[in-house]
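Reading through the structure tokens given below for one structure.
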Amino acid sequence: MPIQFKKFTLSNGLRFVVHEDHSTPMAVLNVLYDVGARDENPSQTGFAHLFEHLMFGGSVNISDFETPLQMAGGENNAFTTNDLTNYYIQLPAENIETAFWLESDRMLSLAFSEKSLDVQRKVVSEEFKEHYINRPYGDVWFKLRELAYKVHPYRWMTIGKELSHIENAKLPDVKRFFFRHYCPANAILVVAGNIKTDQALALAEKWFGSIPAGEKYLREIPAEPAQLNARKIDVKADVPLDALYKAYHVGSRTDNSYYAMDLITEVLGGGGSSRLFQSLVKEKKLFSNIECYHTGSSDPGLLVIEGKLIKGVPMENADLAIEEELNKLSSGKIEEKELVKVKNKTESAILFEDMGLMNRASNLAMYELMGDAEFMNTELQKYKDVSSEEILAESLLVFDEKNSSSLFYYSNN
Amino acid sequence: MSMLNRKTAPVITDAVKFHLDLPAHEKISLGNGVDVFLVNMGTLDTLMMNVVFYAGNCFENENLVASATNFMLKNGTRSKTAFEINEYFEYYGAYLSRHAGHETAELSLHCMNKHVSELLPAVAELISDSIFPEEELRIYKKNMQQRLQVNLRKNDFVASRIIDAYLFGEKHPYGRYSTASDYEALQVDQLRSFYNDYYRQGRCMIFVAGLLPADMNAQIEKHFGTLPFGGSSRQLIPAMPVHPAEQKKYRLVNDPDGVQGAIRVARNFPNRHHPDFQKMLVLNNLFGGFFGSRLMANIREDKGYTYGIHSYLTNLIQESSLMISTEAGKEVSEDTLKEVYIEMKRLCDEPVPEEELQTTRNFMIGTLLGDLDGPFQVAGRWKSLVLNGLTEDYFYRGVDTIKTIKPRDLQELANKYLRADDFYELVVV
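If you read the sequences in order, they're chains A and B.
Residue 873 in this note's numbering sits at position 271 of the first sequence; the count goes up by one each step and never skips.
Residue 97 in this note's numbering sits at position 98 of the second sequence; the count goes up by one each step and never skips.
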């Protein structure tokens, strides 16, 4: 069943999508800003994410974002990726106007409080420590990104390249960032749930319609040059087990090859009957766990295989065994049954994901960012259309040794 | 058009005015006496089925037997290998997960309705015909030991298990934790025997939710109604006296180079049947239960000591606990603790302002409304009521408590349950 929605563009250029669902008592307001860590200055990384925290520190007319929302029975959160920043509020549909009021005021302008910046610098530093320092293997993605990307800003993490970048953020930087990126021209607004389209449109016009359009931000990001040679680094750290990470360059989220590539990760690493798990964990017993996934990014991304080695297994043997499995994929077509399996899994994953109102709202915003919210309804057919020939062709292209970046992460105890 | 007033909040409907209904379920009994609870609602052709057994770790004689048995339900039957089982479920795009708790353990199926008739017999096969192959257990033991080795490097993981041991005792099912040698000691015979007693012939109940196919009841009867479940006194939850530690304050060093301390402040708390439990949910909410809580406002949003701090009543059946949990910078860990106690004392000494209480009420009712949105969520509520030996009155009493509790009730509760001396305190760096 397709997701029903209507699209509008307000006079200030703000793109607006309404999805009615009268089976729920709730409503969701989702605001996506077309800015992520890839838009940062290399000497000020982590800024898009730090900025997301500051969006909760009060706006020009509303000193406290949280309390009025809670008073309206609502909850909210946000996340930042390398590509985008997304904010969402869920609350009882009767009180949806509170969400419009809050979100529109912080799109209009922030309070830019020195205290909020000071506290959130500390909070984000603790987040950095909690997730990336005080944790075994926490630094892997810093190293892997730097190995795979030499030019493109995907070479740093959303949290930032180093703590000092966050610690050194200043209020004028915050203001510049806000006015460059946080305006109707760079945002997509979605409302979903128990609300009528005409009512939603009236509320959008009322609260967002008068916000100055701002300038559309045109990003000029250097493309990552094709990788010509296999890359590899060794790391030694105080971790209990050796671990192996391999990253391969793949296309972007909007690339035609995306669907075949996504299914390949399922064939390799999706669940208990996937090839890597069955062969390397269960049969050969080289790894205690192994995964395969991709970054799904707006610019060309990475397909990653990662696993922890069984104590005593030499790294080179584990690496070879992975390559053997990849060679199988790039040397012959997969069986029809296996292709049907990964397609069925994908169909089911899409269906279950769409059960949640919040997911539907944020997905509509993300597909609209990709070009058209309607892609949400055509996505499944694109997976169904993938042939075993396309899987083979994509495997051949991706699993070329020259396209690989390997991180051998050794335990020093 | 009049000038838009952005300073004043739009008029809201107080969430306490919302009428909250727990949608009804249908209860049927199968030929073998198994109770099935069905929540038939939703808009998509998907369903969920939880097959719950009284097979938690309170029934095991050796540590980890319950969780290993539960995990290995997917690792081989007389007619299918582990690979074939996984492939079968995945071919239909279904998710089959398993979970072992303290009292119960379960298998959960999530699938598209169109495949349910292929999947139910396969689930039935796992709970009636599993064989626990030696080789599968060897792999499981090794992989779990390795996973444990990695987890033990995480201060947060270490703090979580040790605090439960302080609260309930190291031998208690709620306080017991895994060690490499416990994994090493597992034998297939123990698993097979546990499986036979607590699954094949165990005490079972089934929860189903979704936009259910018309013949769902008949399908369940067909595949589960003749299995040899029965249960005997063996599957009744045993008495579990707790043995809290005598010493209250602990500082442990787990990672000499660590940059944060994993902090737990916790006390024992009665279970859901105690008249204070639902009131405590309200007090806890404003103390540390959500983003706008006092602990978050003070320790994260004012001091910036942590990325997040939360308090909660643990989801346990026999006896609960009140837990405060955070990871804070190593150099501010002690200050974080100090602030936690300051917030407790404020709740003891000063009545909660009416407006803060109203905000908490509206937030709790609003999120409850959201939490009941969808068939799986509703079935989850019913499951929790049934497993805790409660009826729907409990749900409505809880809603009523949120709507009517007074500042003086909260202050009384704080003086009863938020006294610093009663709390265990643990910092793992």
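Note that beta-carbon positions come from the ideal geometry of N, C-alpha and C, so glycine has one too.
None of these values were measured; they are calculated from a predicted model.
For the beta strand (DSSP E) containing residue i, name the first residue and the last one.
i: residue 94 of chain B; result: 94-99
i: residue 108 of chain B; result: 104-111
i: residue 894 of chain A; result: 889-896
i: residue 204 of chain B; result: 203-209
i: residue 816 of chain A; result: Run containing residue 816 of chain A: none; DSSP gives neither H nor E here.
i: residue 324 of chain B; result: 319-328
i: residue 308 of chain B; result: 305-312
i: residue 170 of chain B; result: That residue, residue 170 of chain B, is in no beta strand (DSSP E); it is neither H nor E in DSSP.
i: residue 611 of chain A; result: 608-611
For residue i, which residues in chain B fall below 7 Å Cβ to Cβ?
i: residue 735 of chain A; result: 258
i: residue 880 of chain A; result: 82
i: residue 887 of chain A; result: 138
Which whole-angstrom value is the C-beta distance of residue i and residue j, which I expect to be below 8 Å?
i: residue 428 of chain B; j: residue 254 of chain B; result: 7 Å
i: residue 177 of chain B; j: residue 62 of chain B; result: 7 Å
i: residue 258 of chain B; j: residue 307 of chain B; result: Contact doesn't hold; Cβ gap of about 16 Å is too wide.
i: residue 838 of chain A; j: residue 1014 of chain A; result: 5 Å
i: residue 788 of chain A; j: residue 636 of chain A; result: 5 Å
i: residue 760 of chain A; j: residue 683 of chain A; result: 6 Å
i: residue 756 of chain A; j: residue 844 of chain A; result: In fact, because the Cβ distance is near 26 Å, the residues do not count as touching under 8 Å.
i: residue 450 of chain B; j: residue 48 of chain B; result: Residue 450 of chain B falls outside the range modelled here, since chain B spans only 0 to 428, and no answer is possible.
i: residue 751 of chain A; j: residue 741 of chain A; result: About 16 Å; that fails the 8 Å criterion.
To the nearest angstrom, how far is it from the Cα of residue i to the Cα of residue j?
i: residue 277 of chain B; j: residue 850 of chain A; result: 52 Å
i: residue 226 of chain B; j: residue 298 of chain B; result: 54 Å
i: residue 0 of chain B; j: residue 805 of chain A; result: Because the pLDDT at residue 0 of chain B is just 48, under 50, the model does not fix this residue reliably, and the point stays unresolved.
i: residue 413 of chain B; j: residue 13 of chain B; result: 26 Å
i: residue 872 of chain A; j: residue 971 of chain A; result: 27 Å
i: residue 807 of chain A; j: residue 6 of chain B; result: 18 Å
i: residue 966 of chain A; j: residue 995 of chain A; result: 31 Å
i: residue 685 of chain A; j: residue 639 of chain A; result: 6 Å
i: residue 418 of chain B; j: residue 425 of chain B; result: 16 Å
i: residue 198 of chain B; j: residue 937 of chain A; result: 36 Å
i: residue 293 of chain B; j: residue 286 of chain B; result: 5 Å
i: residue 621 of chain A; j: residue 961 of chain A; result: 12 Å
i: residue 976 of chain A; j: residue 670 of chain A; result: 34 Å
i: residue 651 of chain A; j: residue 244 of chain B; result: 42 Å
Check whether the Cβ atoms of residue i and residue j sit closer than 8 Å, and answer yes or no.
i: residue 675 of chain A; j: residue 694 of chain A; result: yes
i: residue 252 of chain B; j: residue 842 of chain A; result: no
i: residue 89 of chain B; j: residue 943 of chain A; result: yes
i: residue 193 of chain B; j: residue 81 of chain B; result: no
i: residue 398 of chain B; j: residue 19 of chain B; result: yes
i: residue 116 of chain B; j: residue 246 of chain B; result: no
i: residue 773 of chain A; j: residue 727 of chain A; result: no
i: residue 52 of chain B; j: residue 104 of chain B; result: yes
i: residue 658 of chain A; j: residue 775 of chain A; result: no
i: residue 165 of chain B; j: residue 340 of chain B; result: no
i: residue 46 of chain B; j: residue 131 of chain B; result: no
i: residue 311 of chain B; j: residue 270 of chain B; result: no
Looking at the unbroken alpha helix (DSSP H) that takes in residue i, where does it start and where does it end?
i: residue 87 of chain B; result: 81-90
i: residue 353 of chain B; result: 353-370
i: residue 839 of chain A; result: It is not in any alpha helix (DSSP H) - residue 839 of chain A instead sits in the beta strand (DSSP E) that spans 833-839.
i: residue 248 of chain B; result: Residue 248 of chain B -> not in any alpha helix (DSSP H); beta strand (DSSP E) instead, spanning 248-251.
i: residue 768 of chain A; result: 765-769
i: residue 278 of chain B; result: 276-283
i: residue 397 of chain B; result: 391-403
i: residue 866 of chain A; result: 860-871
Going along chain A in order, which residues have a C-beta closer than 7 Å to the C-beta of residue i?
i: residue 42 of chain B; result: 625
i: residue 121 of chain B; result: Within chain A, no residue comes near residue 121 of chain B; the closest Cβ sits about 13 Å away, beyond 7 Å.
i: residue 154 of chain B; result: 736
In chain B, which residues lie less than 9 Å from residue i when you measure between Cβ atoms?
i: residue 917 of chain A; result: What residue 917 of chain A touches in chain B: nothing, since even the nearest Cβ is about 15 Å away.
i: residue 953 of chain A; result: 43, 44, 45, 92, 111
i: residue 978 of chain A; result: Simply none; closest approach about 14 Å.
Looking at residue i and the ligand SAM, is the gap between the Cβ and the nearest heavy atom below 7 Å?
i: residue 259 of chain B; result: The ligand SAM is not part of this structure, which contains no ligands at all.
At a CB-CB cut-off below 8 Å, which residues of chain B make contact with residue i?
i: residue 707 of chain A; result: 5
i: residue 841 of chain A; result: 149, 152
Can you pull the chain A residues whose beta carbon is under 9 Å from the beta carbon of residue i, in chain order?
i: residue 146 of chain B; result: 890, 891, 910
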